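Asks:
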Ligand SMILES: Cc1ncc(COP(=O)(O)O)c(C=O)c1O
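Numbering (our numbering), first residue to last: 76 to 318.
1. So does the stretch 270-283 actually touch the stretch 90-107, counting three or more Cβ pairs closer than 8 Å?
2. Under the rule that 16 or more other beta-carbon atoms within 10 Å means buried, what is residue 77, buried or exposed?
3. Could you name the residues of the same chain whose beta carbon sits closer than 7 Å to that of residue 181, not counting the 5 residues immediately before and after it, in chain order?
4. Where residue 87 and residue 230 are concerned, what is the direct C-alpha to C-alpha distance, given to the nearest angstrom?
5. Per the contact definition of three or more C-beta pairs closer than 8 Å, is the stretch 231-238 in contact with the stretch 281-299?
6. Thinking C-beta only, is residue 116 closer than 8 Å to residue 107?
7. Give the range of the alpha helix (DSSP H) segment to which residue 240 is assigned.
8. With DSSP as the reference, label residue 218 as helix, strand or coil.
9. Evaluate the contact criterion for the stretch 95-111 versus the stretch 189-204: three or more CB pairs, one atom per stretch, below 8 Å.
10. Can you find the residues in the same chain that come closer than 7 Å, C-beta to C-beta, to residue 216, ignoring five residues on each side of it along the sequence?
11. In the DSSP assignment, what are the bridge partners of residue 135?
12. Spatial neighbours of residue 283 within its chain, please: C-beta separation below 8 Å, excluding the five flanking residues on both sides.
13. Would you check if the distance between the CB atom of residue 84 and the CB atom of residue 193 is smaller than 8 Å?
14. On the DSSP bridge list, what partners appear for residue 230?
15. Can you give me the Cβ contacts of residue 188 inside the same chain, cut-off strictly under 7 Å, excluding the 5 residues immediately before and after it?
16. Exposed or buried, what is residue 109 when buried is set at 16 or more other beta-carbons lying within 10 Å of its beta-carbon?
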C-alpha cells in the first residue's frame, strides 16, 4: 500500500490492512514516499497518522527524494528482512554507495524533524495543505484526498483540459504537474499540486488566484458540494477522517 497515494492524495486504510494482515497471515509492504516527514502529528508518516505500530508493517519503504530533499531511499523492517535485502536485493550489490553529502542531508533532516523547528515545519505543511485545499473547495473545483495529504489533485477530467491548464498556469508563473492516462483512469485527468512547508501564504494566494482565473477560463468548477461555510482557523483540531 502507499501511505499517501501519489495520484489520489488519499491515505491508506492502514488499520483495516493491519487487521487483515493479522487475520490472514499476510505481509504488509508500505510505501511512505509521500507520507514520511509530512503526515502524522510529528511527521512520522501514515503509521503515525493512522495510529498503527510500525511493528505491524513488514516492509516499511520510503524515498529520500521528497521530504528529505536528498537522493536514494530506504527499506526498514526486521533484522532478518534487512539482512536478506542486503544479501539478495538487486540494488545493494550493484548500486553505487551513497555520497557522503547525500547521506549527511538525510541525517540532518532526521535530526531536524526531532527538533521544535522541524516540528514547526510539519505544522506549517499541515496548515498550508489545509488552507490550499479549502480554498480550492471554496472555488468549486473538485480536489481529491485526505486533509493532511500534501499531494492535492485537482480534477480537470479531460486530457485536453489538463494540457491547457498546465500551459496557462505555467504562463502565469505557477509550476504544476498534469497527470493523465495511464496514471489515472482515461476520463479523470488531473493537476497534481504538491504543497511544501516553505510555501508562504502570499505564494499560496498568488497560485490560488491564478488557478481561479484558469478555472473560469477552462470551466473547471465541477464540484456540486456546497462550499465550506467559513475557512477553519489555523492549527484547527477538527477531527480527521479515519484511516
Ligand atoms: C508512491 C511512490 N513511491 C516511490 C517513489 C519513488 O521515488 P523516487 O523519485 O525517489 O524514485 C515515488 C516517486 O514519485 C512515488 O510516488
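All C-beta atoms in this analysis are idealised placements derived from N, C-alpha and C, irrespective of residue type, glycine included.
Quick caveat, the model's predicted, so the values are computed rather than measured.
Replies: On the basis of the supplied data:
1. no
2. Along the chain shown, one-based indexing puts residue 77 at 2. By the 10 Å Cβ count, residue 77 comes out buried.
3. Numbered from its first residue, the chain shown carries residue 181 at position 106. Only 139, 143, 145 meet the Cβ criterion.
4. Reading the chain shown from its first residue, position 12 is the one you call residue 87. Reading the chain shown from its first residue, position 155 is the one you call residue 230. Each residue's Cα considered, the two are about 20 Å apart.
5. yes
6. As a working note, residue 107 is residue 32 in the chain shown. As a working note, residue 116 is residue 41 in the chain shown. Going by C-beta atoms, residue 107 is not nearer than 8 Å to residue 116.
7. Taking the first residue of the chain shown as position 1, residue 240 is located at position 165. That run of the alpha helix (DSSP H) goes 234-246.
8. Residue numbering aside, residue 218 sits at position 143 when the chain shown is read from its first letter. In this structure, residue 218 counts as strand in the three-state DSSP scheme.
9. no
10. Along the chain shown, one-based indexing puts residue 216 at 141. Around residue 216: 229, 290, 295, 296, 297, 298.
11. Residue 135 sits at position 60 when you count from the first residue of the chain shown. Bridge partners of residue 135: 105, 151.
12. In the chain shown, the residue the question calls residue 283 occupies position 208. Contacts found: 207, 210, 211, 214.
13. Here residue 84 refers to the residue found at position 9 when the chain shown is read from its first residue. Here residue 193 refers to the residue found at position 118 when the chain shown is read from its first residue. Against a cut-off of 8 Å, the Cβ pair of residue 193 and residue 84 comes out as no contact.
14. Your numbering for residue 230 matches position 155 in the chain shown. DSSP lists 265 as partners of residue 230.
15. In the chain shown, the residue the question calls residue 188 occupies position 113. The residues are 112, 118.
16. Numbered from its first residue, the chain shown carries residue 109 at position 34. Residue 109 should be labelled buried.
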